[in-house]
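Visitor:
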Amino acid sequence: MGASGGLHLRPARDSDRRALWRVHTEAVGTLCQGVYAPDELSTWVRLLRPEGYLRPDRPRTVLVAERDRRLVGFGQLDSLNGELEALYVLPDQVGHGVGTRLLAALESVAWGGGSPQVGLDASLNAEDFYRHRGYVSLHEARRPLTARVQLACVRMQKRRPVLPTRRGASTGAPAPI
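The opening residue of the sequence shown carries number 66 in our numbering; numbering runs sequentially from there.
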(Lines of atoms letter the chains of each structure in order from A and count residues from 1; the text may use other names and numbers.)
(Lines give C-alpha, C1' and ligand atoms only; values in the text may rest on other atoms or scores of the structure.)
Protein backbone atom coordinates (compact mmCIF):
# COMPACT_ATOMS: atom_id res chain seq x y z
CA MET A 1 0.00 0.00 0.00
CA GLY A 2 2.98 2.28 0.29
CA ALA A 3 4.94 4.23 2.84
CA SER A 4 4.94 7.90 3.67
CA GLY A 5 6.85 9.51 6.51
CA GLY A 6 7.96 6.10 7.75
CA LEU A 7 4.36 4.88 7.77
CA HIS A 8 3.52 1.75 5.80
CA LEU A 9 0.00 0.43 5.14
CA ARG A 10 -0.70 -3.21 4.31
CA PRO A 11 -3.51 -5.74 4.52
CA ALA A 12 -3.85 -7.37 7.94
CA ARG A 13 -2.71 -10.96 8.39
CA ASP A 14 -3.95 -13.64 10.79
CA SER A 15 -0.73 -13.20 12.76
CA ASP A 16 -1.78 -9.57 13.49
CA ARG A 17 -4.77 -10.49 15.67
CA ARG A 18 -3.04 -9.89 18.99
CA ALA A 19 -1.57 -6.57 17.79
CA LEU A 20 -4.99 -5.42 16.53
CA TRP A 21 -6.45 -6.23 19.93
CA ARG A 22 -3.63 -4.32 21.65
CA VAL A 23 -4.13 -1.21 19.49
CA HIS A 24 -7.89 -1.35 20.00
CA THR A 25 -7.76 -1.76 23.79
CA GLU A 26 -5.05 0.90 24.28
CA ALA A 27 -6.91 3.38 22.06
CA VAL A 28 -10.22 2.87 23.84
CA GLY A 29 -8.69 2.78 27.31
CA THR A 30 -6.72 5.99 26.80
CA LEU A 31 -8.41 8.13 24.16
CA CYS A 32 -11.97 7.62 25.39
CA GLN A 33 -11.28 8.52 29.04
CA GLY A 34 -13.36 11.46 30.16
CA VAL A 35 -15.76 10.95 27.25
CA TYR A 36 -17.34 7.72 28.45
CA ALA A 37 -18.01 6.58 32.01
CA PRO A 38 -15.50 4.17 33.58
CA ASP A 39 -18.00 1.28 33.54
CA GLU A 40 -18.65 1.88 29.82
CA LEU A 41 -14.92 1.79 29.07
CA SER A 42 -14.26 -1.30 31.17
CA THR A 43 -17.17 -3.14 29.53
CA TRP A 44 -15.97 -2.10 26.05
CA VAL A 45 -12.41 -3.28 26.67
CA ARG A 46 -13.51 -6.45 28.45
CA LEU A 47 -15.53 -7.54 25.42
CA LEU A 48 -12.57 -7.26 23.03
CA ARG A 49 -10.71 -10.50 22.28
CA PRO A 50 -7.80 -11.19 19.87
CA GLU A 51 -9.78 -13.99 18.22
CA GLY A 52 -12.56 -11.52 17.36
CA TYR A 53 -10.44 -9.88 14.64
CA LEU A 54 -10.14 -11.12 11.04
CA ARG A 55 -12.92 -13.65 11.41
CA PRO A 56 -13.37 -15.74 8.26
CA ASP A 57 -17.16 -15.69 8.68
CA ARG A 58 -17.10 -11.87 8.36
CA PRO A 59 -14.96 -10.99 5.33
CA ARG A 60 -13.75 -7.42 5.63
CA THR A 61 -11.00 -5.19 4.31
CA VAL A 62 -8.65 -4.70 7.25
CA LEU A 63 -5.59 -2.51 6.79
CA VAL A 64 -2.83 -1.99 9.31
CA ALA A 65 -0.43 0.90 9.65
CA GLU A 66 3.14 0.14 10.66
CA ARG A 67 5.91 2.49 11.63
CA ASP A 68 9.37 0.97 12.16
CA ARG A 69 7.82 -2.52 12.00
CA ARG A 70 5.47 -1.65 14.86
CA LEU A 71 1.74 -1.92 14.25
CA VAL A 72 0.42 1.53 15.24
CA GLY A 73 -3.12 1.52 13.88
CA PHE A 74 -5.74 -0.34 11.90
CA GLY A 75 -9.01 0.16 10.11
CA GLN A 76 -11.78 -2.21 9.08
CA LEU A 77 -14.25 -1.71 6.24
CA ASP A 78 -17.28 -3.70 5.22
CA SER A 79 -16.95 -2.70 1.57
CA LEU A 80 -20.11 -4.54 0.53
CA ASN A 81 -22.18 -2.19 2.72
CA GLY A 82 -19.89 0.86 2.65
CA GLU A 83 -19.50 0.74 6.44
CA LEU A 84 -16.34 1.74 8.28
CA GLU A 85 -16.47 -0.58 11.27
CA ALA A 86 -13.23 0.32 13.02
CA LEU A 87 -10.42 2.86 12.94
CA TYR A 88 -8.04 2.86 15.90
CA VAL A 89 -4.59 4.33 16.45
CA LEU A 90 -2.20 3.92 19.36
CA PRO A 91 -2.42 6.95 21.65
CA ASP A 92 1.23 7.94 21.07
CA GLN A 93 0.58 8.04 17.30
CA VAL A 94 -2.48 10.32 17.37
CA GLY A 95 -1.82 13.49 15.39
CA HIS A 96 0.87 11.90 13.22
CA GLY A 97 -1.29 11.09 10.19
CA VAL A 98 -1.93 7.41 10.93
CA GLY A 99 -5.72 7.65 11.14
CA THR A 100 -5.92 10.00 8.16
CA ARG A 101 -3.87 7.63 5.95
CA LEU A 102 -5.86 4.57 7.02
CA LEU A 103 -9.16 6.35 6.46
CA ALA A 104 -8.15 7.58 2.99
CA ALA A 105 -7.00 4.09 1.97
CA LEU A 106 -10.23 2.48 3.18
CA GLU A 107 -12.32 5.15 1.45
CA SER A 108 -10.42 4.35 -1.78
CA VAL A 109 -11.39 0.70 -1.38
CA ALA A 110 -15.03 1.70 -0.87
CA TRP A 111 -15.09 4.11 -3.82
CA GLY A 112 -13.26 1.60 -6.02
CA GLY A 113 -15.88 -1.00 -5.15
CA GLY A 114 -18.69 1.32 -6.20
CA SER A 115 -19.99 2.36 -2.78
CA PRO A 116 -21.91 5.63 -3.08
CA GLN A 117 -21.02 6.56 0.50
CA VAL A 118 -19.15 5.42 3.59
CA GLY A 119 -21.08 5.34 6.85
CA LEU A 120 -19.85 4.92 10.41
CA ASP A 121 -20.79 5.25 14.05
CA ALA A 122 -18.21 7.67 15.49
CA SER A 123 -17.33 7.50 19.15
CA LEU A 124 -17.86 10.89 20.77
CA ASN A 125 -14.11 11.54 20.97
CA ALA A 126 -13.67 10.85 17.22
CA GLU A 127 -16.50 12.94 15.80
CA ASP A 128 -14.28 15.97 15.04
CA PHE A 129 -11.67 13.74 13.36
CA TYR A 130 -14.27 12.51 10.87
CA ARG A 131 -15.92 15.90 10.41
CA HIS A 132 -12.56 17.41 9.42
CA ARG A 133 -12.28 14.69 6.75
CA GLY A 134 -15.60 15.42 5.08
CA TYR A 135 -18.06 13.34 7.11
CA VAL A 136 -21.37 14.84 8.14
CA SER A 137 -23.35 13.99 11.26
CA LEU A 138 -26.69 12.39 10.56
CA HIS A 139 -28.00 11.74 14.07
CA GLU A 140 -27.11 10.57 17.56
CA ALA A 141 -26.94 6.80 17.92
CA ARG A 142 -26.26 4.07 20.45
CA ARG A 143 -23.88 1.15 20.08
CA PRO A 144 -25.09 -1.71 22.33
CA LEU A 145 -22.28 -3.54 24.15
CA THR A 146 -24.46 -5.39 26.65
CA ALA A 147 -28.10 -5.17 27.68
CA ARG A 148 -27.04 -2.62 30.31
CA VAL A 149 -24.27 -0.70 28.50
CA GLN A 150 -24.92 1.18 25.28
CA LEU A 151 -22.30 3.64 24.05
CA ALA A 152 -23.43 7.02 22.79
CA CYS A 153 -22.06 7.72 19.33
CA VAL A 154 -22.79 9.79 16.25
CA ARG A 155 -23.96 8.31 12.96
CA MET A 156 -21.91 9.94 10.20
CA GLN A 157 -21.62 9.63 6.46
CA LYS A 158 -19.45 10.78 3.59
CA ARG A 159 -20.68 10.64 0.02
CA ARG A 160 -18.42 9.46 -2.74
CA PRO A 161 -16.68 12.49 -4.24
CA VAL A 162 -17.83 13.52 -7.67
CA LEU A 163 -14.93 13.51 -10.06
CA PRO A 164 -14.66 16.67 -12.13
CA THR A 165 -15.63 16.17 -15.73
CA ARG A 166 -13.57 17.52 -18.57
CA ARG A 167 -15.12 20.61 -20.03
CA GLY A 168 -16.18 20.17 -23.57
CA ALA A 169 -16.63 16.41 -23.27
CA SER A 170 -20.40 16.62 -23.81
CA THR A 171 -20.15 19.07 -26.71
CA GLY A 172 -17.39 17.27 -28.53
CA ALA A 173 -15.15 20.33 -28.25
CA PRO A 174 -11.60 19.63 -27.13
CA ALA A 175 -10.97 20.07 -23.44
CA PRO A 176 -8.54 22.85 -22.54
CA ILE A 177 -5.03 21.76 -21.73
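Every residue, glycine too, gets a C-beta built ideally from N, C-alpha and C.
What is the C-beta distance between V174 and L142, in whole angstroms, given that I count them as a contact (C-beta under 8 Å)?
Guide: Indeed they touch by this definition, with Cβ atoms about 6 Å apart.
Visitor: Going straight from the alpha carbon of L113 to that of P103, what length do you get?
Guide: When rounded, the distance between both Cα atoms is 16 Å.
Visitor: Would you call the CB atoms of R83 and P115 closer than 8 Å?
Guide: In this structure, P115 lies closer than 8 Å to R83 by Cβ.
Visitor: Using a Cβ distance threshold of 8 Å, determine whether the stretch 197-208 contacts the stretch 88-98, with at least three qualifying pairs required.
Guide: Segments in contact, no.
Visitor: When the Cα of G99 is compared with those of A206, T165, L189, Q222, which residue comes out closest?
Guide: Here the closest residue by C-alpha is L189.
Visitor: Name the two residues that bound the continuous beta strand (DSSP E) containing H161.
Guide: Element bounds for H161: n/a, residue is neither H nor E.
Visitor: Excluding five sequence neighbours on each side, which residues of the same chain lie with their C-beta closer than 7 Å to the C-beta of S144?
Guide: The answer, listed in chain order, is T126, V174, A175, G178, S180.
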